[in-house]
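> One structure follows; several queries about it will come next.
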Amino acid sequence: MNAQELAARHEAVNEDAESYWLEEAKRLDWYSFPTTANRSSFDEGDFGIRWFEDGELNVTVNCLDRHLATRGDRTAIIFEGDEPGEGYSLTYAQVHEEVCRFANALKACGVGKGDRVAIYMPMIPEAAFAMLGCARIGAIHSVVFGGFSPDSLADRIEDCGAKLLVTADEGVRGGKRIPLKDNADKALEKSPVEAVIMVRRTGGEVNFVEGRDRWWHDLREEVSATCEPEKMNAEDPLFILYTSGSTGKPKGVMHTTGGYLLWVTATFDIVFGATDEDVFWCTADVGWVTGHSYVVYAPLANGATTVMFDGVPNYPDFGRFWETSNRLGVTIFYTAPTALRALMREGDEWVKQHDRSQIRLLGTVGEPINPEAWNWYHEVVGDGRCEIVDTWWQTETGGMLITPVPGAVKTKPGSATLPLPGVYTKLVDNDGKELTGPAEGNLCLTQSWPGQMRGVWGDDERFFQTYFTTYPGMYFTGDGCRRDDDGYHWITGRVDDVINVSGHRMGTAEVESALVAHPKVAEAAVVGMPHDVKGQGIYAYVTLNAGEPESEELRQELRQFVRKEIGAIASPDAIQFAPALPKTRSGKIMRRILRKIAEGEPDKVGDVSTLAEPAVVDALIKGAQA
Ligand code: WTA
């Protein structure tokens, strides 16, 4: 897209949003084309997010059926396993058949429209079949990242009331096996489901519960290869995806059918512009929103070829991304800054030994990208040839909101640049006062866009409370942002109690509650700390029960404990034993102080006079784990 075309879009949506969005809606095939576009309000009195309200469609018809006549033989999914070259390709016709079979298998297990299905899977095509199989029949999927613990899985199954679980015998990552079915069995002891569909991935030995568990390869043979798609209203739920917030347990972010699909379809086209010559590789796992939107839904809705990668960037060596890109003919590559920082440290040779001349566009997502990593990506990986798109968005936004559009927006290393057409940002100070011109403040969105989340599963009040009450009348992103003279956006990171570890969101409250569940821990406070590779690391202050001796072994034990409770991504990078935590006289922990100590800037803790015991701070500074 060139600058004029992009400007024309901005103008069109600014002038007459209703017409613009109804025109955009033609990107999809509808049973019944919507007569209205946006019917949303962020205000307390008539709060609600609604798009294309009277439209009817089916997601899988858009992702699969509509391509069959013209491109049924085109490759839809290229699967690349953990071992280089372990994989295969599937055409649109093949994926269509598998999805219909999966949908029928779900039905055979008693799943119907509106039922919830949990998916706990490796990055194998069957994960996509399961997601799309749900969408085919109007069931709501909730994918749980395969790295989460049995307890985390159980919590999510229980919260959404899943009827069925789709899992695999084992996963394999970086040569190591992950006992998915064992974990699932443990989770199901706490939160039972009626049925389990298990995919054979490794052939490893697993427990099999008669009457509850079914093998996918058996079911697949029993069911028909055709399945009528369910007619869905645009606002019927498509999926729930749990994500961490400032408080409490992870919340079930709910996305619906029409607006979500349109948003990911349009943004994929506008930003990546994939044609029949392209092979698109987004390295995210389907357990995260990036995997939902840009591994599965957007590429398929656009008829593109998408890579599903079940490995890691450093196995068998640090050249994996580039070796595989070259072998598979990848032309558009989309990954997280944390992976780039980790690879950058290993030296340029790992990149240069592989031919990358077929790559034309490079993207990042998940966390701020530091200019060093941006430049390395541009100069070394892209040979200075490829444009870089630093795409800012969130689980809640469904798809990209702030990003350069290649060919139309000049990039600056480290900036996500400008909002897409139809996205309206505002920066406010802590009192909610609008900041104009170049400024730094809290990033808000003033109007709805089709891909916006529609609710927190099972808790309408929490949706409004979490996102629309901090700055009334606006959606608050939780991110800080600086806007420069050119109006470019520089995301500075989370300003709430969410830590972004390697591009994954972790709530401090979740890690704290895991720590205090340990019998030797009296109290815990968790903050983020700067980390060269992960972006942010987890820094935990732990107060032990009276008389409990501090030791390195106990530190290790606590790390293991959190890993077991939540998953490896939540394991603290630093644990400081703290005889006491800095509290106000009313008993509130002053996190600002803890953050500064964890950031290695104890001289900036600021005013401590409101603390009940100011001396606590000196003790903490002495014990810092920098
Ligand atoms: C951060 C991932 C800076 C941000 C799609 C956001 C980013 C959170 C960027 C959402 C970016 C994502 N630049 N920060 N390009 N992309 N973030 O829900 O803090 O897993 O709020 O969605 O990641 O993380 P989530």
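The letter at position 87 of the sequence shown is residue 87 when you use UniProt numbering, and the numbering goes up by one with no holes.
All residues carry an ideal CB built from backbone N, CA and C; glycine is no exception.
The structure presented is a predicted model; accordingly, all values stated were derived computationally and were not measured.
(1) Who pairs with Y539 in a beta bridge, going by DSSP?
(2) Give the DSSP-derived three-state secondary structure of I499 in the structure shown.
(3) On the CB-based measure, 16 or more other CB atoms within 10 Å of its CB, does F47 come out buried or exposed?
(4) Let's test the definition: count the other Cβ atoms within 10 Å of the Cβ of E613 and tell me whether it reaches 16, buried, or not, exposed.
(5) Applying the 10 Å Cβ sphere with the 16-neighbour rule, what's the burial state of D155?
(6) Residues in the same chain with beta-carbon distance under 7 Å from A162, minus the five sequence neighbours each way, listed in chain order, please.
(7) What is the DSSP secondary structure of H518, reduced to helix, strand or coil?
(8) In the DSSP assignment, find the unbroken alpha helix (DSSP H) run with V171 in it and report its ends.
(9) Are the beta-carbon atoms of W490 and S571 separated by less than 8 Å?
(10) My understanding is that L420 touches I388, with C-beta atoms under 8 Å, so please give their C-beta distance in whole angstroms.
(11) Note down the Cα distance separating I589 from L581, rounded to an integer number of angstroms.
(12) Output needed for A3: all residues of its chain with C-beta closer than 8 Å, excluding positions within five of it in sequence on either side, in chain order.
(13) Give me the DSSP bridge partner(s) of G112.
(14) Is it the case that the CB of I491 approaches a heavy atom of the ligand WTA more closely than 7 Å?
(15) I'd like the list of long-range same chain contacts for Y471, defined as Cβ closer than 6 Å, with 5 residues on each side in sequence excluded.
(16) For T265, which residues in the same chain have their Cβ closer than 7 Å to its Cβ, ignoring the five residues on either side in sequence?
(17) For T508, tell me which candidate among E189, V608 and S244 has the shortest Cα-Cα distance.
(18) So, at 7 Å on beta carbons, what are the nonlocal neighbours of K534 in its own chain, with the 5 sequence-adjacent residues on each side left out?
(19) So, under 8 Å CB-CB, G382 and S293 are touching, yes? Tell me the CB distance rounded to an integer number of Å.
(20) Give the secondary structure of N58 by DSSP, where H, G and I count as helix, E and B as strand, and everything else as coil.
(21) Any idea if H518 is buried or exposed, counting beta-carbon neighbours within 10 angstroms, 16 or more meaning buried?
(22) Just how far apart, CA to CA, sit N375 and D218?
(23) Does the Cβ of P125 have 16 or more other Cβ atoms within 10 Å, making it buried, or fewer, making it exposed?
(24) Can N500 be considered in contact with the ligand WTA, in the sense that its beta carbon sits closer than 7 Å to one or more heavy atoms?
(25) Any heavy atom of the ligand WTA closer than 7 Å to the CB of R505?
(26) Do the segment 349-357 and the segment 270-284 meet, that is, are 3 or more Cβ pairs less than 8 Å apart?
(27) Under 7 Å: does the beta carbon of P368 sit that close to some heavy atom of the ligand WTA?
(28) Below 8 Å between beta carbons: does that hold for M400 and V271?
(29) Going by DSSP, which residues form a beta bridge with D479?
(30) On the three-state DSSP scale, how would you describe Y120?
(31) In angstroms, rounded to a whole number, what distance separates the CA positions of A336 and W392?
(32) Over the uninterrupted alpha helix (DSSP H) stretch that includes Y260, give me the two end residues.
(33) For the alpha helix (DSSP H) containing A416, name the first residue and the last one.
(34) Starting from M131 and walking both ways along the alpha helix (DSSP H), at which residues does that stretch end?
(35) For D310, tell me which candidate among E53, V605, A37 and Y88 has the shortest Cα-Cα distance.
(36) Following a CB-centred definition, is W393 positioned closer than 7 Å to any heavy atom of the ligand WTA?
In terms of the structure at hand:
(1) Its beta-bridge partners are V527 and A574.
(2) Three-state result, I499: strand.
(3) The residue is exposed, with fewer than 16 neighbouring Cβ atoms inside 10 Å.
(4) Of the residues assessed, E613 falls on the exposed side of the cut-off, its CB having fewer than 16 other CB atoms within 10 angstroms.
(5) Result: buried.
(6) R116, V117, A118, S142 and V193, listed in sequence order.
(7) Three-state result, H518: coil.
(8) One detail in the question is off: residue 171 reads as Gly in this sequence, not Val. Taken as a continuous stretch (DSSP letters only), G171 belongs to no alpha helix (DSSP H), being part of the beta strand (DSSP E) at G171 to R173.
(9) Going by C-beta atoms, W490 is not nearer than 8 Å to S571.
(10) In fact, because the Cβ distance is near 16 Å, the residues do not count as touching under 8 Å.
(11) Computed Cα separation, rounded: 7 Å.
(12) Within the same chain, A3 has close Cβ partners G407, A408 and V409.
(13) Note: G112 sits in no beta bridge, so no partner.
(14) Yes, Cβ of I491 sits closer than 7 Å to a heavy atom of the ligand WTA.
(15) Result list for Y471: V428, G432 and C444, in chain order.
(16) Correct list, in chain order: R27, L28, A298, A301 and N302.
(17) Of the candidates E189, V608 and S244, the residue whose Cα lies closest to the Cα of T508 is S244.
(18) Around K534: T338, V501 and S502.
(19) Between S293 and G382 the Cβ distance is about 23 Å, and since that is not below 8 Å, they are no contact.
(20) Three-state DSSP puts N58 in coil, outside helix and strand.
(21) Burial call: buried.
(22) Looking at the two C-alpha atoms, the distance is approximately 50 Å.
(23) Per the 10 Å Cβ criterion, buried.
(24) Yes, the ligand WTA has a heavy atom inside 7 Å of this Cβ.
(25) Yes, Cβ of R505 sits closer than 7 Å to a heavy atom of the ligand WTA.
(26) Two segments are said to touch when three or more pairs of C-beta atoms, one from each, lie closer than 8 Å; by this definition the segment 349-357 does not touch the segment 270-284.
(27) Yes, since a heavy atom of the ligand WTA falls inside the 7 Å radius drawn around the Cβ of P368.
(28) In this structure, V271 lies closer than 8 Å to M400 by Cβ.
(29) Paired residues: R494.
(30) The answer is strand: DSSP assigns Y120 an E or B state.
(31) Inter-residue distance for A336 and W392 is about 11 Å (C-alpha atoms, whole angstroms).
(32) DSSP places Y260 inside the alpha helix (DSSP H), whose first and last residues are G258 to T267.
(33) Where A416 is concerned, there is no enclosing alpha helix (DSSP H), given that its DSSP letter is neither H nor E.
(34) P125 to I137 is the extent of the alpha helix (DSSP H) around M131.
(35) Taking D310 as reference, the option from E53, V605, A37 and Y88 with the minimal CA-CA separation is Y88.
(36) Within 7 Å of the C-beta of W393 there is at least one heavy atom belonging to the ligand WTA.
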